[in-house]
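Peer 1: Sending over a structure as structure tokens; questions will come in a sec.
Number of protein chains: 2
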Amino acid sequence: MTDATRHEARAFSPGSVGNVGVGFDLLGHGIADVGDIATVRRIEAPTVRIAAIRGTVTALPLEAERNTAGAALVALREALALPFGFEIELDKGIPLGSGMGGSASSCVAALVAANALLDAPLDIAALYPLALTGESVASGGRTGDNVGPMLAGGLVLATPTRLIPVAVPPAWRAVVVHPHTVLETRQARAVLQGHYGLPDFVAQSAHLAQVLLGCERGDAALVRAGLSDVLVEPRRAPLIPGFHAVKRAALDGGALGASISGAGPSVFAWCEDAASAATIGAAMRIAFARAGLESDMHITPIACPAARRLD
Amino acid sequence: MTDATRHEARAFSPGSVGNVGVGFDLLGHGIADVGDIATVRRIEAPTVRIAAIRGTVTALPLEAERNTAGAALVALREALALPFGFEIELDKGIPLGSGMGGSASSCVAALVAANALLDAPLDIAALYPLALTGESVASGGRTGDNVGPMLAGGLVLATPTRLIPVAVPPAWRAVVVHPHTVLETRQARAVLQGHYGLPDFVAQSAHLAQVLLGCERGDAALVRAGLSDVLVEPRRAPLIPGFHAVKRAALDGGALGASISGAGPSVFAWCEDAASAATIGAAMRIAFARAGLESDMHITPIACPAARRLD
Numbered sequence: 088m089t090d091a092t093r094h095e096a097r098a099f100s101p102g103s104v105g106n107v108g109v110g111f112d113l114l115g116h117g118i119a120d121v122g123d124i125a126t127v128r129r130i131e132a133p134t135v136r137i138a139a140i141r142g143t144v145t146a147l148p149l150e151a152e153r154n155t156a157g158a159a160l161v162a163l164r165e166a167l168a169l170p171f172g173f174e175i176e177l178d179k180g181i182p183l184g185s186g187m188g189g190s191a192s193s194c195v196a197a198l199v200a201a202n203a204l205l206d207a208p209l210d211i212a213a214l215y216p217l218a219l220t221g222e223s224v225a226s227g228g229r230t231g232d233n234v235g236p237m238l239a240g241g242l243v244l245a246t247p248t249r250l251i252p253v254a255v256p257p258a259w260r261a262v263v264v265h266p267h268t269v270l271e272t273r274q275a276r277a278v279l280q281g282h283y284g285l286p287d288f289v290a291q292s293a294h295l296a297q298v299l300l301g302c303e304r305g306d307a308a309l310v311r312a313g314l315s316d317v318l319v320e321p322r323r324a325p326l327i328p329g330f331h332a333v334k335r336a337a338l339d340g341g342a343l344g345a346s347i348s349g350a351g352p353s354v355f356a357w358c359e360d361a362a363s364a365a366t367i368g369a370a371m372r373i374a375f376a377r378a379g380l381e382s383d384m385h386i387t388p389i390a391c392p393a394a395r396r397l398d
Numbered sequence: 088m089t090d091a092t093r094h095e096a097r098a099f100s101p102g103s104v105g106n107v108g109v110g111f112d113l114l115g116h117g118i119a120d121v122g123d124i125a126t127v128r129r130i131e132a133p134t135v136r137i138a139a140i141r142g143t144v145t146a147l148p149l150e151a152e153r154n155t156a157g158a159a160l161v162a163l164r165e166a167l168a169l170p171f172g173f174e175i176e177l178d179k180g181i182p183l184g185s186g187m188g189g190s191a192s193s194c195v196a197a198l199v200a201a202n203a204l205l206d207a208p209l210d211i212a213a214l215y216p217l218a219l220t221g222e223s224v225a226s227g228g229r230t231g232d233n234v235g236p237m238l239a240g241g242l243v244l245a246t247p248t249r250l251i252p253v254a255v256p257p258a259w260r261a262v263v264v265h266p267h268t269v270l271e272t273r274q275a276r277a278v279l280q281g282h283y284g285l286p287d288f289v290a291q292s293a294h295l296a297q298v299l300l301g302c303e304r305g306d307a308a309l310v311r312a313g314l315s316d317v318l319v320e321p322r323r324a325p326l327i328p329g330f331h332a333v334k335r336a337a338l339d340g341g342a343l344g345a346s347i348s349g350a351g352p353s354v355f356a357w358c359e360d361a362a363s364a365a366t367i368g369a370a371m372r373i374a375f376a377r378a379g380l381e382s383d384m385h386i387t388p389i390a391c392p393a394a395r396r397l398d
């Protein structure tokens, strides 16, 4: 059976650290050990329907247009004027409102699975705008810092029109600590309303530049000088109990930097290797516990693999 | 005669393209064929004095503290608790209010010359904060996008505390077209007052990131995608007669991008080689002429050499 005659495909998409502190709405990387799985079937009816949502999150819209996975496949059908439809089952592995890219993960997993069912599968560049459309159902905007790295793998600068992979030393790890509390993306967006001053932009731009150049050069000192969010973190930190203590624990442990993962409440730290990531993550969990929050943690290569077929 | 017993030194500092459109107050490179020369003498009096200012600009403050070159040497004396003083003569090559870094150039030339007269000369990292102090007399802030590339050479990301050279293909050129009209830095700063929206900042950050990664990788397409200022240029362009036509001429001629040099009114365009820079510069001059402005132009490697001793 070739892909062209295949009628069902499954795909896994990792979670993600959106923003990476200094690249708001632009920079992201995957979280390898957590993600969503989509099972997609070609159906004769010219429509997209969601047959089931299982796993960590089940209270999601079943109407295709209101679900990131469904909306992405609606966009795929329209873009290619497909004569057939899709049925989707989602197995969610990413908790709702965790800041680990759950809505993007379902969207990308569904696209990668559906793509395998096309007579002429699309490349990543062609899938990207469809993923932006799907993700926009949840985020309200066409931002690619979550879907981008899921599609392309690694650390990715995701502009509205293109995905630019950024080289990262393969040993570098991110530890993502997820406190067991929910922060709604819309609430996290609301605190960003209002105006910003040019000096803060200049400082944040310098930080982003140092992180990007440091990653490409494998220069940990340059990343350490830059990985600090002076623009968004000050507004969102008050929404996350214990944030400053958690960040302090990461920096005291030798992290290259730490900030909020996506819209939070998860907090990530970048580390030079897996061993330090484990130590740093443990210290961050203790800090969350002192703030009254249970947590779990994920350690991932920053150069995380992209979403992949499972069949 | 060793440097330690030398009593007079001369140095040339190139002009500069500050901001480079997408790196407001952060990114800059030199303009090799235009600049200021400082002649500095060690004097017994524990003071800094300016003996003469000649050349393109003469109506500058002779009080050391109000002159960028003088203020830098005052800072040098204080930083090192020097028992001797300096006398400075400036030969200005950069027109006042041209947006080509004239105040920074005098400052850096004086520092490089004075440094040669020290018993233990400082390295660039140690000179940088002194140059920021000198430049602040003219700009009002500690921004290194002009003094940074003059001191270090090449394209430089200049944070308030460090200079980070950015690799650029050696063949790439900037053409800087200087219309014969003066735009005061303070006026150009005034139009930047007020607040900015987060979406504009995200767009500009994406542009800066693409320019930096494109330069490091020698990827002209990536630079072309990024070299567009959506944050500052829209506010300053109305201060420069003919700006949009000049920019259009550069882009139509195949420039990688074009924007305002420093605070203007000079306009720069990045080009892939010297021949295209000459053609593009000529077209930009014609566009300025149609707006009623005479102009001259400078073509420089973006990887412009740093300030240098002349003796």
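Protein sequences, first through last, are from chains A and B. The letter at position 189 of the first sequence is residue 276 when you use the numbering used here, and the numbering goes up by one with no holes. The letter at position 117 of the second sequence is residue 204 when you use the numbering used here, and the numbering goes up by one with no holes. Beta carbons are placed, not taken as given, at the ideal position from N, Cα and C, and that holds for glycine. Being a predicted model, the structure only gives us computed values, none of them experimental.
Leaving out five residues before and five after Gly142 (chain B) in sequence, what residues of the same chain have Cβ atoms less than 7 Å from its Cβ?
Peer 2: Your numbering for residue 142 (chain B) matches position 55 in the second sequence. Asp178, Lys179, Gly180.
Peer 1: Can you tell me whether Pro257 (chain A) is buried or exposed? The criterion is at least 16 other CB atoms within 10 Å of its CB, across all chains shown.
Peer 2: Taking the first sequence and counting its residues from 1, the one referred to as residue 257 (chain A) is at position 170. Label assigned to Pro257 (chain A): exposed.
Peer 1: Between which residues of its own chain and Thr89 (chain B) is the CB-CB distance below 7 Å, once the five residues before and five after are set aside?
Peer 2: As a first step, residue 89 (chain B) must be located in the second sequence, where it is residue number 2. For Thr89 (chain B), the pLDDT reaches just 45, beneath the cut-off of 50, and the residue's location in the model is therefore unreliable, although a value from the coordinates is still provided. Once the five neighbours on either side are set aside, Thr89 (chain B) has no close Cβ partner at all.
Peer 1: Just verifying my parser: in three-state terms, what is the DSSP assignment at Pro392 (chain A)?
Peer 2: The residue you call residue 392 (chain A) lines up with position 305 of the first sequence. Here Pro392 (chain A) sits in coil by DSSP.
Peer 1: Enumerate in chain order the residues of its own chain whose CB-to-CB distance from Ala138 (chain A) is below 7 Å, with the five nearest sequence positions on each side excluded.
Peer 2: Within the first sequence, numbered from 1, the residue matching residue 138 (chain A) stands at position 51. Answer for Ala138 (chain A): Glu174, Ile175, Glu176, listed in chain order.
Peer 1: From Ala203 (chain A) to Gly110 (chain B), what does the alpha carbon distance come to, in whole angstroms?
Peer 2: Looking up residue 203 (chain A) in the first sequence gives position 116. Looking up residue 110 (chain B) in the second sequence gives position 23. Roughly 42 Å separates the two Cα atoms.
Peer 1: Is it a yes or a no for the segment 237-250 of chain B touching the segment 272-286 of chain B, going by three-plus beta-carbon pairs under 8 Å?
Peer 2: With a cut-off of 8 Å, the segment 272-286 of chain B and the segment 237-250 of chain B do not count as touching, because too few Cβ pairs lie within range.
Peer 1: Is Val298 (chain B) near Leu309 (chain B), with beta carbons less than 9 Å apart?
Peer 2: Here the question's residue 298 (chain B) lines up with position 211 in the second sequence. Here the question's residue 309 (chain B) lines up with position 222 in the second sequence. Closer than 9 Å, so yes.
Peer 1: Using a C-beta cutoff of 9 Å, does Ala296 (chain A) count as contacting chain B?
Peer 2: As a position in the first sequence, residue 296 (chain A) is number 209, starting the count at 1. It does: the Cβ of Ala296 (chain A) has a partner Cβ on chain B nearer than 9 Å.
Peer 1: Hey, is Tyr283 (chain A)'s beta-carbon within less than 9 Å of any beta-carbon in chain B?
Peer 2: Sequence index remark: in the first sequence, residue 283 (chain A) carries index 196 (1-based). Yes - at least one Cβ of chain B is within 9 Å of the one on Tyr283 (chain A).
Peer 1: Report the partner residues of Tyr283 (chain B) according to the DSSP bridge assignment.
Peer 2: Sequence index remark: in the second sequence, residue 283 (chain B) carries index 196 (1-based). Answer by DSSP bridge pairing, in chain order: A:Tyr283.
Peer 1: Please name the residues in the segment 105-121 of chain B whose beta-carbon is closer than 9 Å to at least one beta-carbon of chain A, in chain order.
Peer 2: Within the segment 105-121 of chain B, the qualifying residues are Val109, Gly110, Phe111, Asp112, Leu113, Leu114.
Peer 1: Just checking: is the beta-carbon of Thr268 (chain A) within a distance shorter than 9 Å of some beta-carbon in chain B?
Peer 2: Within the first sequence, the letter at position 181 stands for residue 268 (chain A). Thr268 (chain A) does not count as touching chain B.
Peer 1: On the premise that Val264 (chain B) lies in contact with Arg372 (chain B), defined as a C-beta separation below 8 Å, what is that separation, rounded to the nearest angstrom?
Peer 2: Residue numbering aside, residue 372 (chain B) sits at position 285 when the second sequence is read from its first letter. Residue numbering aside, residue 264 (chain B) sits at position 177 when the second sequence is read from its first letter. Right, their Cβ atoms sit about 6 Å apart.
Peer 1: Return the residue from the list B:Ala207, B:Ser193, B:Arg395 that minimises the CA-CA distance to Leu169 (chain B).
Peer 2: What you label residue 169 (chain B) is simply residue 82 of the second sequence in a count that begins at 1. Among B:Ala207, B:Ser193, B:Arg395, the Cα nearest to that of Leu169 (chain B) is on B:Ala207.
Peer 1: What does a CB cutoff of less than 8 Å around His94 (chain B) pick up in its chain, not counting 5 residues either side in sequence?
Peer 2: Numbered from 1 along the second sequence, position 7 holds the residue referred to as residue 94 (chain B). Correct list, in chain order: Arg128, Arg129, Leu204.
Peer 1: Should the segment 315-329 of chain B be called in touch with the segment 372-386 of chain A, which here means at least 3 C-beta pairs below 8 Å?
Peer 2: No: fewer than three Cβ pairs fall under 8 Å.
Peer 1: For Gly301 (chain B) and Ile327 (chain A), what's the separation of their Cα atoms in angstroms?
Peer 2: To locate residue 301 (chain B), count along the second sequence from 1; it is residue 214. To locate residue 327 (chain A), count along the first sequence from 1; it is residue 240. So the alpha carbons of these two residues sit roughly 37 Å apart.
Peer 1: Using a cut-off of 8 Å between C-beta atoms, extract the partners of Ile251 (chain A) located in chain B.
Peer 2: One-based indexing of the first sequence puts residue 251 (chain A) at position 164. In chain order: Ala296, Gln297, Leu300, Leu309.
Peer 1: Could you name the residues that DSSP lists as bridge partners for Asp123 (chain B)?
Peer 2: Stepping through the second sequence from its first residue, residue 123 (chain B) is reached at position 36. Note: Asp123 (chain B) sits in a beta bridge opposite B:Ser100.
Peer 1: Leu183 (chain B) and Gly189 (chain B) look like a contact to me (Cβ under 8 Å); what is the Cβ gap, rounded to whole Å?
Peer 2: On the second sequence, position 96 is the one that residue 183 (chain B) refers to. On the second sequence, position 102 is the one that residue 189 (chain B) refers to. With a Cβ gap of about 6 Å, Leu183 (chain B) and Gly189 (chain B) count as contacting.
Peer 1: When you compare only the Cα positions, how much space is there between Arg229 (chain B) and Ala151 (chain B)?
Peer 2: Translated into the one-based positions of the second sequence, residue 229 (chain B) becomes position 142. Translated into the one-based positions of the second sequence, residue 151 (chain B) becomes position 64. Going by the C-alpha atoms only, they are around 18 Å apart.
Peer 1: Less than 9 Å separating the beta-carbons of Ala200 (chain B) and Arg97 (chain B)?
Peer 2: The sequence position of residue 200 (chain B) within the second sequence is 113, counting from 1. The sequence position of residue 97 (chain B) within the second sequence is 10, counting from 1. Their beta carbons are under 9 Å apart, which means Ala200 (chain B) touches Arg97 (chain B) by this criterion.
Peer 1: Taking the beta carbon of Glu222 (chain A) as the centre, do at least 16 other beta carbons fall within 10 Å, making it buried, or is it exposed?
Peer 2: Here residue 222 (chain A) is taken as the residue at index 135 of the first sequence, counted from 1. The residue in question, Glu222 (chain A), is buried, as its Cβ has 16 or more Cβ neighbours within 10 Å.
Peer 1: Taking Cβ-Cβ distances shorter than 7 Å, what residues in chain A pair up with Thr62 (chain B)?
Peer 2: For residue 62 (chain B) there is no data in the structure shown, the boundaries of chain B being 88 and 398.
Peer 1: Can you find a C-beta in chain B that's less than 9 Å from the C-beta of Ser315 (chain A)?
Peer 2: Position 228 of the first sequence, counted from the first residue, corresponds to residue 315 (chain A). No - not a single Cβ of chain B is within 9 Å of the one on Ser315 (chain A).
Peer 1: Assign Thr268 (chain B) to one of three DSSP states: helix, strand, or coil.
Peer 2: Working through the second sequence from its first residue, we reach residue 268 (chain B) at position 181. In this structure, Thr268 (chain B) counts as coil in the three-state DSSP scheme.
Peer 1: Among B:Arg136, B:Ser348, B:Glu271, B:Pro392, whose alpha-carbon lies nearest the alpha-carbon of Val104 (chain B)?
Peer 2: Here the question's residue 104 (chain B) lines up with position 17 in the second sequence. The candidate whose alpha carbon is nearest that of Val104 (chain B) is B:Ser348.
Peer 1: Measuring straight from C-alpha to C-alpha, what distance separates Arg273 (chain B) and Ser226 (chain B)?
Peer 2: The residue given as residue 273 (chain B) occupies position 186 in the second sequence. The residue given as residue 226 (chain B) occupies position 139 in the second sequence. Cα-Cα distance, rounded: 8 Å.
Peer 1: Go through its chain and collect everything with a Cβ distance to Val195 (chain A)'s Cβ below 7 Å, but skip five positions before and after it.
Peer 2: As a first step, residue 195 (chain A) is located in the first sequence; it is residue number 108 there, counting from the start. Cβ neighbours of Val195 (chain A) beyond the five flanking positions: Ser100, Ala218, Val234, Met237, Leu238, Ala394.
Peer 1: For the beta strand (DSSP E) holding Phe330 (chain A), just list the boundary residues, first then last.
Peer 2: By 1-based counting over the first sequence, the position of residue 330 (chain A) is 243. Where Phe330 (chain A) is concerned, there is no enclosing beta strand (DSSP E), although the alpha helix (DSSP H) it sits in stretches over 330-339.
Peer 1: So if I threshold CB-CB distances at 9 Å, which residues from the segment 172-200 of chain B count as touching chain A?
Peer 2: Listed in sequence order: no entries.
Peer 1: Using a cut-off of 9 Å between C-beta atoms, extract the partners of Asp244 (chain A) located in chain B.
Peer 2: The count along the first sequence starts at 1 and reaches residue 244 (chain A) at position 157. Checking the sequence, you will find Leu at residue 244 (chain A) rather than Asp. The contacting residues are Ala293, Ala296, Gln297, Leu300.
Peer 1: Helix, strand or coil for Phe171 (chain A), going by three-state DSSP, please let me know.
Peer 2: For the purposes of this step, residue 171 (chain A) is identified with residue 84 of the first sequence, where counting begins at 1. Reduced to three states, the DSSP call for Phe171 (chain A) is coil.
Peer 1: Starting from Val354 (chain A), follow the beta strand (DSSP E) in both directions and report where the run begins and ends.
Peer 2: Along the first sequence, one-based indexing puts residue 354 (chain A) at 267. 354-358 is the span of the beta strand (DSSP E), which, as asked, contains Val354 (chain A).
Peer 1: What's the call for Val262 (chain A), buried or exposed, on a 16-neighbour Cβ count within 10 Å?
Peer 2: Along the first sequence, one-based indexing puts residue 262 (chain A) at 175. Buried.
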